[in-house]
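Enquirer: Please read through the structure below; I'll follow up with questions.
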Amino acid sequence: MVSSGPVLFTIFSLTILGVISSSKVSHHELQVFRTLVVYIYGTSLVISSPFQMVLTRYMADRIFIKDYSALVPSFVGVSILSTVVHAVIGYIAVKALNFDFGTSVATVALFANVGIIWIAMITISASKDFVWIVKSFMYGSILSLVAGYLLGTRFQLMGLVMGFCLGQILIVIMLSVQIFTEFEYRNRLEFYFLEYFKKYTALAFIATLFNIGIWGDKVVFWFTRETSQQVHSFLRASYVYDVPIFLSYLFIVPALAMFTIQVETSFYIHYKKYFLSILNRHPYSSLIERQNNIINDLKLSMGRILVLQGTISVVGIFLSEKIYNYIGISSINLGVFQIAILAVFLLALLQILLIITLYFDYRTDALILSGTFALTNILFTIVSIWMGFSYYGYGILFSCLTSLVVGFVLFNYRLRSLIYYTFINQKIIVND
Amino acid sequence: MSDVCLVVEGSYPYIRGGVSEWVHRLITDMPDLQFSLLSIMPSQSYTREENYRIPNNVESIVNVYLHDYQFKDRFFKKRTPELFDFFDIFYGDIDKRPKEELEKLLLKLMNNRGGIDLSYAFSSRDLWNSMLKTYNSGDTSTTFLDFFWNYRFTFLPLVQLIKTNIPPAPLYHTISTGYAGVLASLAKIKFNSNMLLTEHGIYTKERRIEIAQATWLYESEEESMKATSSLGFFKNWWIRYFGAMSKLAYRYADQITTLYEGNKLYQISDGADPQKISIIPNGVVVNQFREIAQNRDISRKRRTVAYIGRVVPIKDVKTFIKACKLIVQKIPDAEFLLIGPQEEESQYYQECADMVNMLGLEKNVKFTGHVNVTDHFPKIDLIVLTSISEAQPLVILEGAACGIPVVTTDVGSCRELVEGRTDEDKELGKSGLLTSFHAPGETAAAVINLLTDDVLYNKMSEAGISRVEQYYNVADMVNAYKTIYGHYI
């Protein structure tokens, strides 16, 4: 998922900014700022999600036919589209929040900027220069921290948002520089990818549902009276839930990183070999062999990830108290944090499963999987709140578990009939 | 209900040619009988225009499209596993399985309420399992991609036949084996009717020639390196497939007719019961040509040579063009007409046209396209055929009726037509010269011989006129079929 990296960097810089500026900025202002940023990311992710996978698919197809000239114009075109949508929603939001002019401008700018980051990440994933991407986020986050701290101490909320926004703008600039230099640049806009919405409507739904799933439990917590507090106007936060959940997200970095490497190295090779063996007119026995190679490779990779992530989660649970003490937050909700660590472990697996499912283009299955996730996460979270404090976090945990089981059963069935599905869906095209 | 349902494949009333002419003649000459037509074509695009004026005694025409697969992919598919049982039998040993088993399956399929779900036949577990079973029972080192597509492409046309809404009739008369033969057999089974099979050309033999030349069928490098006598896996697959169709039709036909002796031997070797086979030659309307024959100017300088027929590879038009070149070297003012439709294989026609230009024959050779041949007969001096395969070409008979001798390859019944079939017939003398096929030199020599030797020319001209009058009168042919029809309806 292209959003994972940026979100993790944001959680990270947001946490540190909170810690370092706590003595200079009023607690309330800081709280508003934190909540605001979380809403900005969440809302932007959900409203951008119809674009995300469709655009990813479009870019991948262009790259496959080596039409790199389509990338920059599409990037610019979609960015403009996204900025317009973000600006309109942002404008309505800041009016409702009743911010002063400076804060309003900074908020809308940050909101629109975040929208572009997603698009840039999709475009840039075609590039193999990961170091530059990491550098962009590192420098941007540092600038967000420094500028946020310096401006925040002087201008409070407006300063925090402005400073933070500066860092995110740096990220967009650095990513854009890479996109413009690496891919052929032509001075035109392109909206051809919009055609892809007709063909790949399912992808728009899959991404939207999955993002709704990711934010569902949080929204439920924010808008349930017993578990939340009003921060500013309609901005609400859940002190018992937010911190442990966002903190736990930091634990899935290793699993996602490892998966990315596994996909790049072994899985994709087996996947490609399988399809090549069809095109190169191999006999059935050879196809079966290569299908089994994919299955075995996935088993092996997943085993490794399970062991790695499992260990990290267990260690995380043991160290949870120490982490809490270190950051300096009260340990009333330590139990929620421990459950959350487990939950995001499953969430990481769920994301991986979704990506693999889409690799094989099983869109119906992916739709079922993200639909299950969205539905159960909201439903189970409501139930968990109703059951009482000690069950907080179990909502997302069981939602991930359920979705994982559903997704795995479907995928396992498909993969074992890989050859069948590869062939049987081929349409006959009669040329008269 | 019609009296006779004619089952035709790739011809009447959409495609012109010998078989279509023959069918048209049969219908128009039996105005007392009501006909219905089952016309099998590759796809809808072929049936936009009828090339014959449909006679009044044709009650209905049902078109069957073998390769139209427009359907919605349904999630819940209606299962009819009998389809795959049928194909198993079909591709296995169709003639060794009991008739009852096959008929039970087919009746169940044809009488299936709601018909057959194409999306089921096209993409389902049952199709897959049946295909795998067939794959695994054969050479398992075969390329799977091609096997899958070949299986689908051989299987689906049969599904289209089973899906066909067959009009009821007491007699189904199919004018070939192949898909038409299968459909007539299905009709016979469904309505418990009678079936008559007439073969002009031998279907399996013609397909074999086409398949051997086909480039769209995959052959591994190893296979294509081998001597040409052994064909690759997929070519054999198709030949067996067409063979199975013929076996089915031969088995279900109550009576089989064909044009000449040579065909009968082929049919027997393909599994037809010799008892069922009788020979009914083609015929021409002798009266129609008598006038042309009588008005011929015997003393004129003979220069006009005609190829009459469709411009398609099986007729080997290129050999004719090569022969033209050789003839022109001896007779510079010779004139060649290529009379016949060119659109069926437009690429082949283009190649022929290019060849004419390449050999510098633009002045001597003329492509007329499809025209009324009778109008051209008065000015034609000689007819030439260079076909690789023929049945009983009507054009030889029509030419002979006008007193035009022929130079033809020794294929099909051409020898019978030129030299006579029975002893009596042979006594009439030769009405043309025979050559080998792919032999432009022989063809050219024969043409030059006839154009320059007036005595020989006139003798052959006379022999042809008498032969057609005595043995190839269309009225005899029509009467023969009238008798057969009367027997069944």
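Residue numbers (my numbering), protein chains in the order written: chain A, 1164 to 1595; chain B, 74 to 562.
Backbone N, C-alpha and C fix where the C-beta goes; we use that ideal spot for every residue, glycine too.
Values in this document were obtained by computation on a predicted structure and should not be read as measured data.
Given a cut-off of 7 Å, decide if A/T1198 and A/V1394 are closer than it, judged by their beta-carbon atoms.
Expert: Locating residue 1394 of chain A in the first sequence gives position 231, where the first residue counts as 1. Locating residue 1198 of chain A in the first sequence gives position 35, where the first residue counts as 1. Going by C-beta atoms, A/V1394 is nearer than 7 Å to A/T1198.
Enquirer: Note down, in chain order, every chain A residue with its Cβ under 7 Å from the Cβ of B/W289.
Expert: Against the second sequence, residue 289 of chain B aligns to sequence position 216. Residues of chain A passing the Cβ test: none, with the nearest at roughly 12 Å.
Enquirer: Check the Cβ of B/S203 against every Cβ in chain A and list those closer than 8 Å, keeping chain order.
Expert: Translated into the one-based positions of the second sequence, residue 203 of chain B becomes position 130. Within chain A, no residue comes near B/S203; the closest Cβ sits about 12 Å away, beyond 8 Å.
Enquirer: Which residues in the same chain as B/Y380 place their Cβ atom closer than 6 Å to its Cβ, once the five residues preceding and following it in sequence are excluded?
Expert: For the purposes of this step, residue 380 of chain B is taken as residue 307 along the second sequence, with counting starting at 1. So the list reads F393, L411, V457, once near-sequence residues are dropped.
Enquirer: Contact criterion: CB-CB distance below 7 Å. Does A/F1586 meet it with respect to chain B?
Expert: To locate residue 1586 of chain A, count along the first sequence from 1; it is residue 423. Judged by the 7 Å Cβ criterion, A/F1586 is in contact with chain B.
Enquirer: Is any beta-carbon of chain E found at less than 7 Å from that of B/S214?
Expert: Among the protein chains in the structure shown, which are A and B, there is no chain E.
Enquirer: Is A/L1320 near A/V1195, with beta carbons less than 7 Å apart?
Expert: Along the first sequence, read from residue 1 onward, the residue named residue 1320 of chain A stands at position 157. Along the first sequence, read from residue 1 onward, the residue named residue 1195 of chain A stands at position 32. Cβ distance < 7 Å, so A/L1320 and A/V1195 count as in contact.
Enquirer: So what's B/G274 in DSSP terms, helix, strand or just coil?
Expert: Looking up residue 274 of chain B in the second sequence gives position 201. Of the three classes helix, strand and coil, the one that applies to B/G274 here is coil, per DSSP.
Enquirer: Cα-Cα, which of A/R1579, A/V1572, A/S1307 is closest to A/G1181?
Expert: Stepping through the first sequence from its first residue, residue 1181 of chain A is reached at position 18. Ranking A/R1579, A/V1572, A/S1307 by Cα distance to A/G1181 puts A/S1307 first.
Enquirer: Kindly say whether B/S504, judged by its beta-carbon, lies nearer than 7 Å to any beta-carbon of chain A.
Expert: Along the second sequence, read from residue 1 onward, the residue named residue 504 of chain B stands at position 431. No, because no Cβ of chain A sits closer than 7 Å to the Cβ of B/S504.
Enquirer: Along the chain, which unbroken stretches of the alpha helix (DSSP H) at least 4 residues long are found entirely within the stretch 322-349 of chain B?
Expert: Those alpha helix (DSSP H) runs which fall completely within the stretch 322-349 of chain B and span 4+ residues are 334-342.
Enquirer: Considering only DSSP beta bridges, list what B/C397 is partnered with.
Expert: For the purposes of this step, residue 397 of chain B is identified with residue 324 of the second sequence, where counting begins at 1. Its beta-bridge partners do not exist; DSSP assigns none.
Enquirer: Within this structure, are the beta carbons of B/F307 and B/Y291 separated by less than 7 Å?
Expert: As a working mapping, residue 307 of chain B is identified with position 234 in the second sequence. As a working mapping, residue 291 of chain B is identified with position 218 in the second sequence. Cβ atoms of B/F307 and B/Y291: closer than 7 Å.
Enquirer: Can you tell me whether B/K499 is buried or exposed, with buried defined as 16 or more other CB within 10 angstroms of its CB?
Expert: The residue you call residue 499 of chain B lines up with position 426 of the second sequence. B/K499 is exposed by the Cβ-count criterion.
Enquirer: Here's the rule: buried if 16 or more other CB atoms are within 10 angstroms of the residue's CB, otherwise exposed. What is A/A1259?
Expert: Counted from its first residue, the first sequence places residue 1259 of chain A at position 96. Exposed is the call here.
Enquirer: What residue range does the beta strand (DSSP E) around B/S112 cover?
Expert: For this step, residue 112 of chain B is matched to residue 39 along the second sequence. Taken as a continuous stretch (DSSP letters only), the beta strand (DSSP E) holding B/S112 covers 108-114.
Enquirer: Can you list the residues of chain B that A/I1457 reaches, using a CB-CB cut of under 9 Å?
Expert: Taking the first sequence and counting its residues from 1, one reaches residue 1457 of chain A at position 294. Here the premise fails: no neighbours, minimum Cβ distance about 16 Å.
Enquirer: With a 10 Å radius around its C-beta and 16 neighbouring C-beta atoms as the bar for buried, classify A/Y1355 as buried or exposed.
Expert: The residue given as residue 1355 of chain A occupies position 192 in the first sequence. When all chains shown are included, A/Y1355 counts as exposed.
Enquirer: Report back the beta-carbon spacing between B/C78 and B/Y276 to the nearest angstrom; my notes put them in contact at under 8 Å.
Expert: In the second sequence, the residue the question calls residue 78 of chain B occupies position 5. In the second sequence, the residue the question calls residue 276 of chain B occupies position 203. At roughly 19 Å, the Cβ-Cβ gap does not stay under 8 Å, so B/C78 and B/Y276 are not in contact.
Enquirer: Does DSSP put B/T576 in a helix, a strand or coil?
Expert: Since the first and last residues shown for chain B are 74 and 562, residue 576 of chain B lies out of range.
Enquirer: Please return the same chain residues whose Cβ sits closer than 6 Å to the Cβ of A/N1374, not counting the five positions on each side in sequence.
Expert: To locate residue 1374 of chain A, count along the first sequence from 1; it is residue 211. So the qualifying residues of the chain are L1208, V1209, S1212.
Enquirer: Check each residue of the stretch 1431-1453 of chain A: if its Cβ is closer than 7 Å to any Cβ of chain B, include it; give the result in chain order.
Expert: For the stretch 1431-1453 of chain A, which is checked against every Cβ of chain B, the residues closer than 7 Å are I1441, R1444, H1445, P1446, Y1447, S1448, L1450.
Enquirer: Does the Cβ of B/Y164 have 16 or more other Cβ atoms within 10 Å, making it buried, or fewer, making it exposed?
Expert: Taking the first residue of the second sequence as 1, we reach residue 164 of chain B at position 91. When all chains shown are included, B/Y164 counts as buried.
Enquirer: Quickly, what does DSSP pair A/H1395 with across the bridge? List them, please.
Expert: As a working mapping, residue 1395 of chain A is identified with position 232 in the first sequence. Beta-bridge pairing links A/H1395 to A/L1398.
Enquirer: When the cut-off is 7 Å and only beta carbons count, does A/V1507 lie next to chain B?
Expert: Locating residue 1507 of chain A in the first sequence gives position 344, where the first residue counts as 1. Answer no: the Cβ-Cβ gap between A/V1507 and chain B never drops below 7 Å.
Enquirer: Just reading off the beta strand (DSSP E) that A/Y1434 is part of, what are its end residues?
Expert: Sequence index remark: in the first sequence, residue 1434 of chain A carries index 271 (1-based). From DSSP, A/Y1434 is part of no beta strand (DSSP E) but of the alpha helix (DSSP H) over 1431-1442.
Enquirer: Could you tell me the boundaries of the alpha helix (DSSP H) in which B/I570 lies?
Expert: Outside the shown range of chain B, which is 74 to 562, sits residue 570 of chain B, and nothing can be said about it.
Enquirer: Helix or strand or just coil, what does DSSP make of B/M183?
Expert: Here residue 183 of chain B refers to the residue found at position 110 of the second sequence. Note: B/M183 maps to helix in three-state DSSP.
Enquirer: In the structure shown, what three-state DSSP assignment does A/H1445 receive?
Expert: One-based indexing of the first sequence puts residue 1445 of chain A at position 282. Coil, per DSSP.
Enquirer: Taking Cβ positions, are A/E1358 and A/S1237 nearer each other than 7 Å?
Expert: Looking up residue 1358 of chain A in the first sequence gives position 195. Looking up residue 1237 of chain A in the first sequence gives position 74. Contact: no.
Enquirer: Please check the pair B/R359 and B/N238, which I expect to be a contact at CB under 8 Å, by giving their CB distance rounded to whole angstroms.
Expert: To locate residue 359 of chain B, count along the second sequence from 1; it is residue 286. To locate residue 238 of chain B, count along the second sequence from 1; it is residue 165. According to the sequence provided, residue 359 of chain B is Val. The question's Arg does not apply to it. About 41 Å; that fails the 8 Å criterion.
Enquirer: Going by the DSSP bridge assignment, what does B/Y138 pair with across the sheet?
Expert: The sequence position of residue 138 of chain B within the second sequence is 65, counting from 1. Paired residue(s): B/M114.
Enquirer: Nearest chain B C-beta to A/Y1302 closer than 7 Å, yes or no?
Expert: Walking along the first sequence from the start, residue 1302 of chain A turns up at place 139. Not closer than 7 Å to any Cβ of chain B, the Cβ of A/Y1302 fails to qualify, so no.
Enquirer: Against B/S210, what residues of chain A qualify as contacts under a CB-to-CB distance less than 8 Å, listed in chain order?
Expert: To locate residue 210 of chain B, count along the second sequence from 1; it is residue 137. In chain order: nothing, as chain A lies at least about 12 Å away.
Enquirer: Taking just the CA atoms, how far does B/F148 sit from A/I1582?
Expert: Locating residue 1582 of chain A in the first sequence gives position 419, counting from the first residue. Locating residue 148 of chain B in the second sequence gives position 75, counting from the first residue. Going by the C-alpha atoms only, they are around 19 Å apart.
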